[in-house]
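**Student:** Numbering (full-length UniProt numbering), first residue to last: 1 to 767.
Ideal Cβ placement from N, Cα and C applies to all residues, glycine included.
After the structure tokens below, expect a handful of questions from me.
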Amino acid sequence: MRGVFTAAAWGLVLTAFLAAEKMPVSLRGDTLIYQGDSLFASGNARLVYDEREVLADTILIDTRTNRVEVTGLRAPLLPETSAQKIFINFYEGGSVLTDQRWQGRQAGLTTCDLLEPHYRLAAREFLYYPDDKVVAYHLTAHFWFSPVPLFYTPYYAFYTGPRRVVFTFPKIGSNTVEGNFIKTETLYFLDAHNEGGVLWDAMSLKGNGSGWWHRYDYGQPGFFYLYHVPEREQRPLRESVVLRWQQKLSFAEQQLELDHRYRKMYLLPQGYDDTLADTLRYSYRQDKDWLQTEYSFREDYQAERESQHLQSNSTIGAQTNQTVWQKDFRRADGYRYEALNIDERYQLSDEWQYRINPVYYRVKTTQDEFYEQRLDLAHTLELSPQEKKYFEKMTVEANYYYDLDQGTVTTDTLSAEWLEKTPQITVKAVRQNIGGADEDAAWFSLDSSYSSGWIRESKYFGYVNGRERRRFFETAKYTADYAWHKTFRLPGAQLTLLESYAQTAYATQDQHYQFSDRPYLLTDWWGFFKNKLEYERTQGEGGSPFFYDDPRQYLTRRGKHTAGLYQSSRWELTATLAKDFENNLYDDDLYNLRVDPWENGRALFNLATGQSRYTALYRDLVGSMQLRYGQSTGRLSFTKDINRNVEDNEYAGKLKTASSELDFYLGEPYTEGSAWNFWLREWHFLIKNTYDFNTAYYNLDTFGLGKDLHCWYMRYHFTPLRKEWYVVFSLKAFPEQEFKLTGNEDNEFNFDAFSDTLSATEVRRYE
């Protein structure tokens, strides 16, 4: 039996099930025909299955064989990525539709929505994996200005998930290391988990380079890369090789990663780089417990240097650990260096934490018989109460600093001068609220610290009268530091008092101190007047028997006053005066005017200057203006000498410099379905320049041009100072896939296309 249904566009919907997959399908069209086991739609036909949409001139579905016959089908892949959709166009034949992939022939790909697209990629056969990629075979690139294809590749893969394009356009260019070059890459695709590429390069200075890379995933992902170049300019002939292997192994809660790299490469002007590097990473996680460890080994055969590094981080129950070990060995001079830093923390309860942090290092050269050795050991007990009633945090620290080799090594760098604390014990209390439960209720808030320790010091003075001189000294040291503050909130004002006092005493009866007083007052009255008064008085006196903490004796007394008139955020005028009371000297008075007439940032004006109280001369007037309309922005700034001392200053009253920046757009960008006109669609200009009025020298700093080319976008950039330029063409749907040509005054140039390939994150030739 045959039934014919005719309706307006998108009018009638039939729902069927593909027999093999039992998958719901919605079919719409101007004309819908149902006959037995087949469905036919024509005229604005649309097929929807599994939330995916297919548009075509005609669609025929055979529900017994799962076969879908299409004519002029247009399938949007990623309409959300750009204003322009991406289409696959099937010009002939049909496709087999499953929930895994489509299979077809004589297809094309374009992001241009014109009937005569600006470009298209045509393929003899294709595989489309929904939400993943399109694989095309025997692909050609067609452009509107050429009657014949401009490029051919036997294989092409376009990723619709993670957007990566495998379109290996040759890279053409010239530089001082490789000379003139052409670099190519031919990719192959085995399945969804195995793919790779073959590299072949021709370089006038180096020779012909070749390489191969492969990414695989047989349950455990890995990567392999090999690149080789015979250096034709070197005598005797030398081989440049890069080898890299990466492998990941995952087992439930554990993961192991290996990264091996060997590189022997001649790179002008540095010469040879001949290195071996291995990295091993291990990680473990179960519930809240975790461990991460990384070990790296590097051997530089050219510099004859070996380095190792080990770092481990873990949290097991209430214990947190970070361990870092490093070693450096130079075979040329026998220099050896090792360091070990262990930071262990134990959470004893919700409020108490204990920390131990030993740091050990040693160093030795071929001239030394013994290692120079140092050990720093710190114990810390920390209390962080949940109720911050009296203080926020309290810590007790015991610091031990040992010079382990002081009896055997006396002339090397680390031992020539050393300091020991055996131990120094410090008690700190942070944010103590005196007389209240919080800062507002307390009389004041106090930070305090107390310490006591036995200090030993070795000071090296060099050779005096032909003899090496050093001084050894030891004694007890005591410190007490206080810092308190209080803020008073008054009607229209805020007064803050900041005081600090630091006292240090020694068993030798030497002592020194530092006292600092820094109050300030903020006021905001009547909705148009702001005022800030600041004062600082800091004084330090006394002496120390040690060299390492020899104090400075000084007295500082400074004041600062900032007053301003304002109207909401529309404008503000401020004046700042500052004085050094100790030396009876004034800083320059400073003035600033900021204006935002419409309070929306579209127009901003600023003027700033100042005046010396001693010479009555003004600072240069610095002005700026910024105007913004839509996406366009214009900036203008200038510097002007506003003094009138023409007899002493030839530039008095004259403009000195000016700069401008114009970043503006003309026309609207093209969007799908709108009318296309080359001249009326978006133009983007960027012009930056400076001008020196004294020398009448004009300098163009930057010139940039952007142009909307329908489904493409063009960018041109020129920097006269460096004499560098580049031109970039990119697809709007995939702006990171570029045709880029760069050059400079040294006649170096480079042409690169679709550089963000499948191998872009791994293959960099010499890396």
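State the DSSP-derived secondary structure class of Tyr188, mapped to helix, strand or coil.
**Tutor:** Here residue 188 corresponds to residue number 188 of the sequence shown, with the count starting at 1. Note: Tyr188 maps to strand in three-state DSSP.
**Student:** Any idea what DSSP makes of His138, helix, strand or coil?
**Tutor:** Mapped onto the sequence shown, residue 138 falls at position 138. Three-state result, His138: strand.
**Student:** Report yes if the C-beta distance between Asp641 and Ala652 is below 8 Å; otherwise report no.
**Tutor:** Looking up residue 641 in the sequence shown gives position 641. Looking up residue 652 in the sequence shown gives position 652. With respect to the 8 Å criterion, Asp641 and Ala652 are classified as neighbours on the basis of their beta carbons.
**Student:** In this structure, how does DSSP classify Thr671 when only helix, strand and coil are distinguished?
**Tutor:** On the sequence shown, position 671 is the one that residue 671 refers to. In the three-state scheme derived from DSSP, where H, G and I count as helix and E and B as strand, Thr671 is classed as coil.
**Student:** Apart from the five residues just before and just after Asp278, which ones in its own chain have a Cβ nearer than 6 Å to its Cβ?
**Tutor:** By 1-based counting over the sequence shown, the position of residue 278 is 278. His260 and Phe297.
**Student:** Where DSSP assigns a beta bridge to Leu680, which residues make up the other side?
**Tutor:** Along the sequence shown, read from residue 1 onward, the residue named residue 680 stands at position 680. DSSP, once it has assigned bridges, lists no residue as partnering Leu680.
**Student:** If you follow the beta strand (DSSP E) that Glu738 is part of, which residue opens it and which one closes it?
**Tutor:** Mapped onto the sequence shown, residue 738 falls at position 738. Start and end: Glu738 to Asn744.
**Student:** Taking Gly540 as part of the beta strand (DSSP E), name the residues at either end of that continuous run.
**Tutor:** Locating residue 540 in the sequence shown gives position 540, counting from the first residue. Where Gly540 is concerned, the enclosing beta strand (DSSP E) stretches over Phe529 to Gly542.
**Student:** Just verifying my parser: in three-state terms, what is the DSSP assignment at Trp598?
**Tutor:** Counting from 1 along the sequence shown, the entry for residue 598 is found at position 598. In the structure shown, Trp598 sits in coil (DSSP, three-state: anything other than H, G, I, E or B).
**Student:** On the DSSP bridge assignment, give the partners of Asp481 in chain order.
**Tutor:** Counting from one through the sequence shown, the residue named residue 481 turns up at place 481. Partner(s): Ser449 and Ala502.
**Student:** Ala192: buried (16+ other C-beta within 10 angstroms of its C-beta) or exposed?
**Tutor:** Taking the sequence shown and counting its residues from 1, the one referred to as residue 192 is at position 192. Its Cβ having fewer than 16 others within 10 Å, Ala192 is exposed.
**Student:** Where do the N-terminal and C-terminal ends of the beta strand (DSSP E) with Leu573 fall, by residue?
**Tutor:** Within the sequence shown, numbered from 1, the residue matching residue 573 stands at position 573. From DSSP, the beta strand (DSSP E) with Leu573 extends over Trp571 to Asp580.
**Student:** Tell me the residue span of the beta strand (DSSP E) that contains Asn341.
**Tutor:** Position 341 of the sequence shown, counting from 1, holds the residue named residue 341. Segment Tyr335 to Gln347, the beta strand (DSSP E) holding Asn341.
**Student:** Looking at the unbroken beta strand (DSSP E) that takes in Thr609, where does it start and where does it end?
**Tutor:** Position 609 of the sequence shown, counted from the start, is the residue given in the question as residue 609. Segment Ala603 to Gln611, the beta strand (DSSP E) holding Thr609.
**Student:** Run through DSSP, which three-state label would Thr323 get?
**Tutor:** Stepping through the sequence shown from its first residue, residue 323 is reached at position 323. Here Thr323 sits in strand by DSSP.
**Student:** Could you check whether Thr186 and Val198 sit closer than 8 Å to each other, using their CB atoms as the reference points?
**Tutor:** The sequence position of residue 198 within the sequence shown is 198, counting from 1. The sequence position of residue 186 within the sequence shown is 186, counting from 1. Yes, the pair counts as a contact, with Cβ atoms nearer than the cut-off.
**Student:** What is the rounded straight-line gap between the Cα of Asn465 and the Cα of Arg471?
**Tutor:** What you label residue 465 is simply residue 465 of the sequence shown in a count that begins at 1. What you label residue 471 is simply residue 471 of the sequence shown in a count that begins at 1. Whole-angstrom Cα-Cα distance: 16 Å.
**Student:** Could you pull the start and end residues of the beta strand (DSSP E) that Leu199 belongs to?
**Tutor:** Locating residue 199 in the sequence shown gives position 199, counting from the first residue. Counting along the chain, the beta strand (DSSP E) containing Leu199 begins and ends at Asn194 to Met203.
**Student:** Go ahead and pull the three-state DSSP assignment for Thr426.
**Tutor:** Position 426 of the sequence shown, counting from 1, holds the residue named residue 426. Strand at Thr426.
**Student:** Pair every Cβ in the region 556–564 with every Cβ in the region 415–433, then say whether three or more of these pairs are closer than 8 Å.
**Tutor:** no
**Student:** Can you grab the Cα-Cα spacing for the pair Gln511 / Thr315, in whole Å?
**Tutor:** One-based indexing of the sequence shown puts residue 511 at position 511. One-based indexing of the sequence shown puts residue 315 at position 315. The alpha-carbon atoms of Gln511 and Thr315 are separated by roughly 44 Å.
**Student:** So, for Tyr262: in the same chain, excluding its five sequence neighbours on each side, which residues have a beta-carbon less than 6 Å away from its beta-carbon?
**Tutor:** Locating residue 262 in the sequence shown gives position 262, where the first residue counts as 1. So the list reads Leu243 and Leu276, once near-sequence residues are dropped.
**Student:** If you drop the 5 nearest sequence neighbours on each side, which residues of the same chain put their C-beta closer than 7 Å to that of Ala675?
**Tutor:** Residue mapping note: residue 675 aligns to position 675 of the sequence shown, counting from 1. Answer for Ala675: no residue qualifies.
**Student:** How should Gly209 be labelled, buried or exposed, when 16 other C-beta atoms within 10 angstroms of its C-beta is the threshold for buried?
**Tutor:** Counting from one through the sequence shown, the residue named residue 209 turns up at place 209. Answer is buried; the Cβ neighbour count reaches 16.
**Student:** Looking only at its chain, what residues have a beta carbon closer than 7 Å to the beta carbon of Asp708, apart from the 5 residues adjacent to it on each side?
**Tutor:** As a position in the sequence shown, residue 708 is number 708, starting the count at 1. Same-chain partners within the cutoff: Pro669, Tyr670, Arg681 and Glu682.
**Student:** Pick helix, strand or coil for Val165, following the three-state DSSP scheme.
**Tutor:** As a working mapping, residue 165 is identified with position 165 in the sequence shown. For Val165, the predicted structure reports a pLDDT of 44, less than 50, and the residue's modelled location is therefore unreliable. The matter cannot be settled from this model.
**Student:** State the start and end residues of the unbroken beta strand (DSSP E) segment that holds His710.
**Tutor:** Residue numbering aside, residue 710 sits at position 710 when the sequence shown is read from its first letter. Counting along the chain, His710 sits inside no beta strand (DSSP E), nor does DSSP assign it H or E at all.
**Student:** Can you give the Cα-Cα distance for Ser146 and His684, rounded to whole angstroms?
**Tutor:** In the sequence shown, residue 146 corresponds to position 146, counting from 1. In the sequence shown, residue 684 corresponds to position 684, counting from 1. About 27 Å.
**Student:** Residue range of the beta strand (DSSP E) that Ile356 falls in?
**Tutor:** In the sequence shown, the residue the question calls residue 356 occupies position 356. Trp352 to Lys364 is the extent of the beta strand (DSSP E) around Ile356.
**Student:** By DSSP's criteria, Thr475 is part of a beta bridge. Which residues make up the other side?
**Tutor:** Against the sequence shown, residue 475 aligns to sequence position 475. Partner(s): Ile455.
**Student:** Just to confirm before moving on: does the CB-CB distance between Arg281 and Glu299 stay below 8 Å?
**Tutor:** Counting from 1 along the sequence shown, the entry for residue 281 is found at position 281. Counting from 1 along the sequence shown, the entry for residue 299 is found at position 299. No, they are not a contact pair.
**Student:** Taking Thr366 as the reference, which of Arg374, Asp333 and Trp352 has the closest Cα?
**Tutor:** Position 366 of the sequence shown, counted from the start, is the residue given in the question as residue 366. That would be Asp333, whose Cα lies nearest to the Cα of Thr366.
**Student:** With distances taken Cα to Cα, identify the nearest neighbour of Leu190 among Thr422, Lys248, Leu256 and Leu127.
**Tutor:** Along the sequence shown, read from residue 1 onward, the residue named residue 190 stands at position 190. Of Thr422, Lys248, Leu256 and Leu127, the residue nearest in Cα terms is Leu127.
**Student:** So, for His710: in the same chain, excluding its five sequence neighbours on each side, which residues have a beta-carbon less than 7 Å away from its beta-carbon?
**Tutor:** Your numbering for residue 710 matches position 710 in the sequence shown. Excluding positions up to five away in sequence, the list reads Cys112, His118, Tyr670 and Trp676.
**Student:** Output needed for Tyr501: all residues of its chain with C-beta closer than 6 Å, excluding positions within five of it in sequence on either side, in chain order.
**Tutor:** Taking the sequence shown and counting its residues from 1, the one referred to as residue 501 is at position 501. The residues are Tyr482 and Phe515.
**Student:** Pick helix, strand or coil for His379, following the three-state DSSP scheme.
**Tutor:** If you number the sequence shown from 1, residue 379 lands on position 379. Secondary structure of His379 (DSSP, three-state): strand.
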